[in-house]
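Chemist: One structure, pasted below without further comment.
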Amino acid sequence: MKQALLAKVLLKILVIDDHESVLGGTVDVLRKHYSSAEFITAINAKDALHQVTNSQPDLVVMDLSIPEHIGMRARPDTGVQLLKILMKNYPSLNIVVQSVHIRTLVRIRPNIDSHKGGFTVVDKSLSTQEMLTRTDWALQGLTHTKDIKSIHSGLEVKPEWLMVLTLAFEEGLQDKAIAEKMCISERMIRHYWNKLQDTLNVYPGEGKNIRIQTEMRARAEGLID
Amino acid sequence: MRIGALPGIAIIGLVIIARLTGSMQSLEWLVFDNFLRLRPQEPIDKRIVIVGINEDDIRSRKDQPIDSPISDHDLAKLLMKLHTYSPAVIGLDIYRDLPVNPGNTELLSAFSKIHNLIAIEKVLPDQVAPPSALPPEQIGFADQLTDIDGKLRRSLLATPTDKGYKLSLSLRLASAYLALRGISLENGIHNHTAMQFGNTELPQFLPDSGAYVGADAGGYQILINFRSGGERFKTLSWSDIKGGDFDPKSIKSKIVIIGMTAPSRKDFITTSAVTTFKPATGRVYGVEIQAHVISQIISAVLDSRPLLNTWDKQWEYLWIVSWGFLGILIARLTQSPLLNLVATSLAVCILVVTTYLLLIWGWWVPLIPAILVLSVNGIALTSVYQYNQALKLGLQARQVVIERTFETIHNGPLQSLAKVLKLFRGEDLPINKLLPELEKELEKLNHELRGIYEFLQQEPPSQDWSLYLGKNLVINLQYPLHEILYQVYSHTLERDFPYFRTIKVKICTFEPIEDKSLGIENKRGICRFLEEALCNVGKHATGVTCLQVTCSAAQGWQTLTIVDNGLGTNSSREGRGTQQSKYLAQEIQGKFRRISLAPRGTLCELSWPMASF
Numbered sequence: 001m002k003q004a005l006l007a008k009v010l011l012k013i014l015v016i017d018d019h020e021s022v023l024g025g026t027v028d029v030l031r032k033h034y035s036s037a038e039f040i041t042a043i044n045a046k047d048a049l050h051q052v053t054n055s056q057p058d059l060v061v062m063d064l065s066i067p068e069h070i071g072m073r074a075r076p077d078t079g080v081q082l083l084k085i086l087m088k089n090y091p092s093l094n095i096v097v098q099s100v101h102i103r104t105l106v107r108i109r110p111n112i113d114s115h116k117g118g119f120t121v122v123d124k125s126l127s128t129q130e131m132l133t134r135t136d137w138a139l140q141g142l143t144h145t146k147d148i149k150s151i152h153s154g155l156e157v158k159p160e161w162l163m164v165l166t167l168a169f170e171e172g173l174q175d176k177a178i179a180e181k182m183c184i185s186e187r188m189i190r191h192y193w194n195k196l197q198d199t200l201n202v203y204p205g206e207g208k209n210i211r212i213q214t215e216m217r218a219r220a221e222g223l224i225d
Numbered sequence: 226m227r228i229g230a231l232p233g234i235a236i237i238g239l240v241i242i243a244r245l246t247g248s249m250q251s252l253e254w255l256v257f258d259n260f261l262r263l264r265p266q267e268p269i270d271k272r273i274v275i276v277g278i279n280e281d282d283i284r285s286r287k288d289q290p291i292d293s294p295i296s297d298h299d300l301a302k303l304l305m306k307l308h309t310y311s312p313a314v315i316g317l318d319i320y321r322d323l324p325v326n327p328g329n330t331e332l333l334s335a336f337s338k339i340h341n342l343i344a345i346e347k348v349l350p351d352q353v354a355p356p357s358a359l360p361p362e363q364i365g366f367a368d369q370l371t372d373i374d375g376k377l378r379r380s381l382l383a384t385p386t387d388k389g390y391k392l393s394l395s396l397r398l399a400s401a402y403l404a405l406r407g408i409s410l411e412n413g414i415h416n417h418t419a420m421q422f423g424n425t426e427l428p429q430f431l432p433d434s435g436a437y438v439g440a441d442a443g444g445y446q447i448l449i450n451f452r453s454g455g456e457r458f459k460t461l462s463w464s465d466i467k468g469g470d471f472d473p474k475s476i477k478s479k480i481v482i483i484g485m486t487a488p489s490r491k492d493f494i495t496t497s498a499v500t501t502f503k504p505a506t507g508r509v510y511g512v513e514i515q516a517h518v519i520s521q522i523i524s525a526v527l528d529s530r531p532l533l534n535t536w537d538k539q540w541e542y543l544w545i546v547s548w549g550f551l552g553i554l555i556a557r558l559t560q561s562p563l564l565n566l567v568a569t570s571l572a573v574c575i576l577v578v579t580t581y582l583l584l585i586w587g588w589w590v591p592l593i594p595a596i597l598v599l600s601v602n603g604i605a606l607t608s609v610y611q612y613n614q615a616l617k618l619g620l621q622a623r624q625v626v627i628e629r630t631f632e633t634i635h636n637g638p639l640q641s642l643a644k645v646l647k648l649f650r651g652e653d654l655p656i657n658k659l660l661p662e663l664e665k666e667l668e669k670l671n672h673e674l675r676g677i678y679e680f681l682q683q684e685p686p687s688q689d690w691s692l693y694l695g696k697n698l699v700i701n702l703q704y705p706l707h708e709i710l711y712q713v714y715s716h717t718l719e720r721d722f723p724y725f726r727t728i729k730v731k732i733c734t735f736e737p738i739e740d741k742s743l744g745i746e747n748k749r750g751i752c753r754f755l756e757e758a759l760c761n762v763g764k765h766a767t768g769v770t771c772l773q774v775t776c777s778a779a780q781g782w783q784t785l786t787i788v789d790n791g792l793g794t795n796s797s798r799e800g801r802g803t804q805q806s807k808y809l810a811q812e813i814q815g816k817f818r819r820i821s822l823a824p825r826g827t828l829c830e831l832s833w834p835m836a837s838f
């Protein structure tokens, strides 16, 4: 799968960060990994929106603490607002949030839950390798938000996700049949699986069968009997 | 507005009472006189010539004492001389009830020769008889009526006496002059007691005309519309006549009035309505007053110059009340004192200019009472309203602070306190374990209470968009409601309540909410509702494993539902939280319910109509 992605000729990546040095560092790391990709950069929210509109990138790697436009102070809130706009206008855009303020994202959790593109969160203290893995996941359309999960106990799910679980593992239906039954697209069902897997902490790994892992975890958590 | 208009109406009432009792008479006279004097100057009325016997004339007489009256001989010569220039009519404004020799026979012969001569008498006490040689048609009275401030504003044209109905000199002269033009004095067409020349009715002065209150309106009186400007009549002296020092045309076919214009003879009257310097400022010779009244009548008839009219009482008071209400309106509509001052001043200016113009056109309308009600209501009442408004806002703000403080305390420290009490009453723990636990909880409570104080100090309540959730987490209530609600949900579940720990699954939906119709306080209330409902789950839902929080819209209603599957307590007591929720539901025209589910669980729901429905 990685090969397939790397082979993509015109992979466009937008990197947003207000510190030139950090920006350069991130681009360097990513360039080594995605050698054929085209890199675009932005240093503030206004600039970023402009770039997204013009270049239609496949992936956005962004810092949360950025200024609104040149000359303004960098605030995590600005990044959150930008993120909201991006998720609203480009529902299938793949996003990686790289920040020291990732807890701020808790408040737009519902927006993230309904975002259809990939969405992963990288704390700036994480290793480069981990960062690259999550970037890959985002490009695959996966969700990884474990780090911003509420610290309270219990799983947080949406009613429609539970419905998918029930139809899949209790009635043994395939995605296509589930989609028909729920009157939504198959794509949407895949999106729900993504979110469910993220909730159940099931992430891709060597030799893992994602579906079966999901079922096991769901039963263990009591989401299905 | 209900309380608002009352003081204004009271002011209008007071002013009207003051006017009815006559307290405003002198002020209104002052304005009347000044407005008359400030009118643009009118041309000299050439139809009237005054022959004034002045100090020089008196002193140039030979062989006669200075203080002696003008002799019959001198008067006869003057009359005969004037007669030769054939004036329309001659008025003799000098008393001649007794012969002043030498020359009485000459005067009598002049009287018999000159038929267009009118002499004077005085009919009101103390009376002075007319010259006995003249028939009654050639006699007019010279009485003048002054107001209680000693000033002349009206003219007595006719009056009943014990010797019959008498006419004034001015009316006699005017009617003689008009008769030559075929216009005669008649009774009014509309009002049979009124005097009328041709189509011009002389508006009769009544006891309550204009600003007057209970004036003596006996006989037939009119308000004097003085000819505006100084010395509006051609005045010749006795010596001018004797020396022939004048243009004969200026007398031919004119009204000639002979009178005293010598200060030593003291034939003058006080008025502020005309500009005068002779005999003194504010004083006019009697003969000149006669000229003003004659000119007023003949100008009205021949030139359509306005006579002075007044409105009926009901129109005057409607006028005053209207300006009063305009004042109230200004007070209500203007927010800033400056704007108020500007608006009121502008209205006063319009009022003054209007009344002035109306007076020029012959209508005397009340100014002083209208200015009073307008400015008092416009300016003074504004401060009353503003004070009232500030008081109301202050009370409202205070109430909001009280409510919010209590809500914050209720959903924060009080919940912790309840937990402490539960620990205490539960007696599950041995005392040596209970004490450190209690200390921990009380320490937390201490922090929570201090946090509230700091929060309340930070934010002025008037422009408060923040929601305090404890642990220094402050949420901006201007964000979309579903986002705020998610934060409240997320934060509340992080709180340390015993039954939150047993929750395994949380099914939650926070759909975007149309919140434009909700005020900041409503949003705050809805957040508090969610917080409280979740706290209840944490405190009372024994054995809860699944919590469902749904925020969604359907059929025009927004619904926020919190369902748990714990064994809730069935308390019949209506707690503070329930009261708050009911009040909130009322505020947003919504519904609130909290019900127990079978076999176990509790549903707590708040719903409200969406704006577009």
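So the sequences go chain by chain: R and Y.
Note that this note's numbering has the first sequence beginning at 1, numbered continuously upward.
Note that this note's numbering has the second sequence beginning at 226, numbered continuously upward.
Cβ coordinates follow ideal geometry from the N, Cα and C atoms, glycine included.
Being a predicted model, the structure only gives us computed values, none of them experimental.
1) Taking a Cβ distance cut-off of 7 Å, strictly less, list which residues of the stretch 693-717 of chain Y are near chain R, in chain order.
2) Taking the beta carbon of residue 631 of chain Y as the centre, do at least 16 other beta carbons fall within 10 Å, making it buried, or is it exposed?
3) According to DSSP, simplified to helix, strand and coil, what is residue 183 of chain R?
4) Is there contact between the stretch 569-577 of chain Y and the stretch 626-640 of chain Y, where contact requires at least three CB pairs shorter than 8 Å?
5) Mark residue 312 of chain Y as exposed unless 16 or more other C-beta atoms lie within 10 angstroms of its C-beta, in which case mark it buried.
6) Given this structure, state the Cα-to-Cα distance separating residue 687 of chain Y from residue 622 of chain Y, to the nearest angstrom.
7) By a C-beta neighbour count over all protein chains shown, 10 Å radius and 16 as the cutoff for buried, is residue 183 of chain R buried or exposed?
8) Anything in the stretch 721-737 of chain Y with a Cβ closer than 9 Å to a Cβ of chain R? List those residues in chain order, please.
9) Assess contact between the stretch 741-749 of chain Y and the stretch 117-126 of chain R, defined as three or more Cβ pairs (one per stretch) separated by less than 8 Å. Is contact present?
10) Assuming the contact rule is C-beta atoms closer than 8 Å, residue 457 of chain Y and residue 270 of chain Y should be a hit. Round their C-beta distance to whole Å, please.
11) Does any residue of chain R bring its CB to less than 9 Å from the CB of residue 772 of chain Y?
12) Since residue 385 of chain Y is in the beta strand (DSSP E), which residue starts that stretch and which ends it?
13) What in chain Y is Cβ-close to residue 108 of chain R, meaning under 9 Å?
14) Between residue 87 of chain R and residue 111 of chain R, which are expected to be in contact by the criterion C-beta below 8 Å, what is the C-beta distance as a whole number of angstroms?
15) Note down the Cα distance separating residue 485 of chain Y from residue 536 of chain Y, rounded to an integer number of angstroms.
16) Extract the residue ranges of the alpha helix (DSSP H) inside the stretch 315-394 of chain Y, only unbroken runs of 4 or more that lie entirely within it.
17) State the CB to CB distance for the pair residue 769 of chain Y and residue 790 of chain Y, rounded to an integer number of angstroms; the pair is presumed to be in contact (CB under 8 Å).
18) Counting contacts by CB-CB distance shorter than 9 Å, is residue 579 of chain Y in contact with chain R?
19) To the nearest angstrom, how far is it from the Cα of residue 14 of chain R to the Cα of residue 61 of chain R?
20) Per DSSP, what kind of secondary structure is residue 485 of chain Y in: helix, strand or coil?
21) Under 9 Å, Cβ to Cβ, is there at least one residue of chain Y near residue 157 of chain R?
22) Counting only Cβ pairs nearer than 7 Å, list the residues of chain Y close to residue 223 of chain R.
23) Leaving out five residues on either side along the sequence, give the residues of the same chain with a beta carbon under 6 Å from the beta carbon of residue 465 of chain Y.
24) Short check: CB of residue 332 of chain Y to CB of residue 297 of chain Y, under 9 Å?
25) Given 8 Å as the limit, is there contact between the stretch 419-427 of chain Y and the stretch 236-253 of chain Y, that is, 3 or more CB pairs closer than that?
26) Count the other CB atoms, across all protein chains shown, that sit within 10 Å of the CB of residue 201 of chain R; report buried if there are 16 or more and exposed otherwise.
27) Indicate whether at least one CB of chain R lies closer than 9 Å to the CB of residue 786 of chain Y.
28) Taking the Cβ atom as the reference point for each residue, do residue 403 of chain Y and residue 527 of chain Y lie within a distance shorter than 9 Å?
29) Can you tell me whether residue 260 of chain Y is helix, strand or coil according to DSSP?
30) Taking just the CA atoms, how far does residue 813 of chain Y sit from residue 706 of chain Y?
31) When the cut-off is 9 Å and only beta carbons count, does residue 79 of chain R lie next to chain Y?
32) May I ask which residues mark the beginning and end of the alpha helix (DSSP H) holding residue 280 of chain Y?
33) Have a look at residue 276 of chain Y and residue 398 of chain Y and give me their C-alpha separation to the nearest angstrom.
34) Can the beta-carbon of residue 478 of chain Y be found closer than 9 Å to that of residue 461 of chain Y?
35) Distance, Cα to Cα, residue 766 of chain Y vs residue 793 of chain Y?
Modeler: Reading it off the structure:
1) 707, 708, 711, 712, 715
2) exposed
3) Reduced to three states, the DSSP call for residue 183 of chain R is coil.
4) no
5) By the neighbour-count criterion, in which a residue is buried when 16 or more other Cβ atoms sit within 10 angstroms of its Cβ, residue 312 of chain Y is buried.
6) A caution first: residue 687 of chain Y carries a pLDDT of 47, below 50, which makes its placement in the model unreliable, though a value can still be read off. In a straight line, the C-alpha of residue 687 of chain Y is about 7 Å away from that of residue 622 of chain Y.
7) exposed
8) 725, 726, 727, 728, 729, 730, 731, 732, 733, 734, 735, 736, 737
9) Judged by Cβ distances under 8 Å, the stretch 741-749 of chain Y makes no contact with the stretch 117-126 of chain R, as fewer than three pairs qualify.
10) Rounded, the Cβ-Cβ distance is 6 Å, consistent with contact.
11) yes
12) 379-386
13) Going along chain Y in sequence order, the residues near residue 108 of chain R (Cβ under 9 Å) are 708, 711.
14) 5 Å
15) 37 Å
16) 329-338
17) Contact holds; Cβ gap of about 6 Å.
18) It does not; no Cβ of chain R falls within 9 Å.
19) 6 Å
20) strand
21) Contact of residue 157 of chain R with chain Y is assigned, a C-beta pair being separated by under 9 Å.
22) 730
23) 471
24) yes
25) They do not touch, by the three-pair rule.
26) exposed
27) no
28) Yes, Cβ-Cβ distance for residue 403 of chain Y and residue 527 of chain Y is below 9 Å.
29) helix
30) Spanning the two alpha carbons is a distance of roughly 14 Å.
31) Taking Cβ atoms only, chain Y never reaches closer than 9 Å to residue 79 of chain R, which makes this a no.
32) 280-284
33) 15 Å
34) no
35) 5 Å
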